[in-house]
Structure formats: structure tokens, C-alpha cells
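If you're matching positions, the sequence shown starts at 1 in UniProt numbering and goes up one per residue.
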Amino acid sequence: VSVQEDQYEWWSRGLRRWWRRGLNRVYTFWGVAFTMTVIVCTAITTDYLDWDRISDDFMPTNELSRAFLASFILVMDLMIVMQDWEFPLFAGGMDIKLPGINTGDINFKMPGGDVHITGKWFNYGIIFIVMILDLNMWKNQIFYEPFIYGQYTDPDGYIYTVMDRAWLRNATRETLSYAWRWNHTNPLTNVTYGLADHRMNSRYHGYPLSVKGIAFGPSIAAFVAFGYLAKRFSK
């Protein structure tokens with residue numbers, strides 16, 4: 001947006017000229033999007049990046065701190081929308097082109113009428129979709145329990161993941177525990193079951209739902225501020 005608008009024409013003139021020339025903006029968007037998609041998918045689907053080894057027990061998190069982190073991510077999503085000078089109407093005169101395509105708006109007809117989406121509404125519409133995904137992430141952090149995911153904790157709260165999926169099919173809360181896994185020997189390997197489990201740097205302390213629910217406080221405050229500002233400045 002900053003290299004498309006004309007409000008601060010003295011800023012980075014060379015970059016502005018290059019960005020607006022031909023389809024440079026479109027090619028750059030799709031090139032960066034494809035590259036980042038490959039990097040993220042590689043990091044998620046492979047063990048090339050072992051975050052537990054990289055972090056090396058640096059600032060280990062627990063379910064409460066992760067819930068607060070998810071809540072503050074949601075707050076930042078709302079702040080991205082509210083910080084715009086034209087919030088909440090986004091009715092300014094700047095012709096901001098949509099990301100990845102060479103047009104400033106999208107028009108299509110529906111049975112109930114015509115739909116016209118401009119650049120800012122398109123960008124912030126995507127952010128609202130991201131907010132829904134972030135809410136789902138917060139929900140997962142609030143209701144997370146190691147047993148559901150084939151995990152257990154040691155006396156210090158560190159989470160262990162059982163890698164043997166065949167064994168997990170018949171696991172119970174008694175067998176899927178630190179005491180059982182580290183005091184019983186696997187007849188196939190002649191070592192304790194726990195030696196085959198992956199120890200994570202994350203922790204789980206079993207905080208009650210009433211405590212973890214406090215993490216949603218910042219998000220509630222942000223939603224209240226969003227609603228107040230939208231109502232006040234949309235008149």
C-alpha cells in the first residue's frame with residue numbers, strides 16, 4: 001500500500017517507480033507467495049527444521065502462555081484493521097490495487113444485487129478470515145490435553161510424543177503416562193518405551209479452564225474497542 005499511494009511522494013521514489021512499472025508488482029507478489037509457501041510447507045511436513053532442537057529449552061511455553069499468545073495475535077489482527085486512517089468505512093480516494101492482480105476492484109453480480117470489492121476491503125476481508133483461523137487456534141490451545149494427541153508429561157511438565165502409532169491404537173490413560181512408559185520394557189527393542197518418545201520443550205501443567213479463559217481478556221477488550229470505534233466513526 002505504501003508504495004502505491006501518493007500521499008508521501010518524496011519517500012522511496014525509486015522503489016515506487018519500479019513497483020508501478022508494468023507487472024512488477026504482480027510478479028513480485030506471486031514469486032514471494034510461492035517461495036514462502038514452499039518454505040512453510042517444507043518446515044511443517046518434514047523434520048528438516050527441529051524447533052525443539054533449535055530453541056534448546058529457550059523460554060519453554062505452557063498451555064497458559066500459549067493461550068495468551070494466541071489471544072494477542074487476535075488483538076494484532078484487529079489492530080491492523082483499526083490503524084487505517086479510513087477505518088471503518090475505507091472510503092478514501094486512493095486507488096489501491098488488489099494483491100496479485102492488476103486491478104483495483106472486483107465486480108460481480110449475485111441474485112441479491114451487485115458486489116463491488118475495492119482494494120482495502122479485499123485486503124481486510126482476508127484479515128477477517130485469518131481472525132477466524134486465529135480464534136480456532138486459541139480454542140485449540142484452551143482445550144488442549146496431551147492424551148488426545150498421543151502425548152504425556154513428565155513430573156516437570158515437559159511433553160513427550162509417542163511416535164509408535166500402532167501402539168497408540170490400544171493406549172489407555174494408564175499406559176500413556178510417564179510412569180508406565182519409562183518403567184516398562186518394549187520386548188521388540190529390549191529398552192523402555194520412553195526412550196523412543198520425542199521430548200518437546202513445551203510444557204503442560206494442567207491449568208483449569210477458568211484460568212486459561214483469562215487469556216481471552218485482551219481479545220475481548222480489542223473487540224469492544226473495535227465495535228465502539230466502528231459505531232462512532234461510521235456516522
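Think of the CB as a built atom: it goes at the ideal place given N, C-alpha and C, for glycine as much as any other residue.
Note that the coordinates shown come from a computational prediction; the quantities given were computed from them, not determined experimentally.
- Task: Starting from residue 118, trace the beta strand (DSSP E) both ways and give me its first and last residue.
- Result: Counted as a single uninterrupted DSSP element, the beta strand (DSSP E) harbouring residue 118 occupies residues 113 to 118.
- Message: Once the 5 residues before and after residue 215 are set aside, which same chain residues still bring their CB inside 6 Å of it?
- Response: The beta carbon of residue 215 sits closer than 6 Å to the beta carbons of 67, 68, 71 from its chain, once the five residues preceding and following it are set aside; these are given in chain order.
- Roughly how many angstroms separate the alpha carbons of residue 118 and residue 99, rounded to a whole number? If you draw a straight line from the Cα of residue 118 to the Cα of residue 99, it is about 11 Å long.
- Query: What are the start and end residues of each continuous beta strand (DSSP E) run of 3 or more residues lying completely inside the segment 158 to 223, in chain order?
  - Reply: With a minimum length of 3 residues, the continuous beta strand (DSSP E) runs that stay inside the segment 158 to 223 are 158 to 161, 198 to 203.
- Does DSSP classify residue 106 as helix, strand or coil? DSSP places residue 106 in the strand class (E or B) of the three-state scheme.
- What does residue 152 pair with, by DSSP beta-bridge criteria? In the DSSP output, where bridge partners are listed per residue, residue 152 has 160.
- Query: Counting Cβ pairs closer than 8 Å, one from the segment 169 to 181 and one from the segment 205 to 223, do we hit at least three?
  - Reply: Taking a cut-off of 8 Å on C-beta distances, the segment 169 to 181 does not touch the segment 205 to 223, as fewer than three cross pairs fall below it.
- Item | Span of the alpha helix (DSSP H), counted from its first residue to its last, around residue 82 | Secondary structure note for residue 82: its alpha helix (DSSP H) is the uninterrupted segment 63 to 82.
- Message: Once DSSP output is grouped into helix, strand and coil, what is the label at residue 13?
- Response: When secondary structure is reduced to three states using DSSP, residue 13 falls in the helix class.
- Task: Count the other C-beta atoms from every protein chain shown that fall within 10 angstroms of the C-beta of residue 10, then say buried if there are 16 or more, exposed otherwise.
- Result: With fewer than 16 other Cβ atoms within 10 Å, it is exposed.
- Query: For the alpha helix (DSSP H) that residue 31 lies in, which residues bound it at each end?
  - Reply: It spans 24 to 45 - the alpha helix (DSSP H) in which residue 31 sits, taken as one unbroken run.
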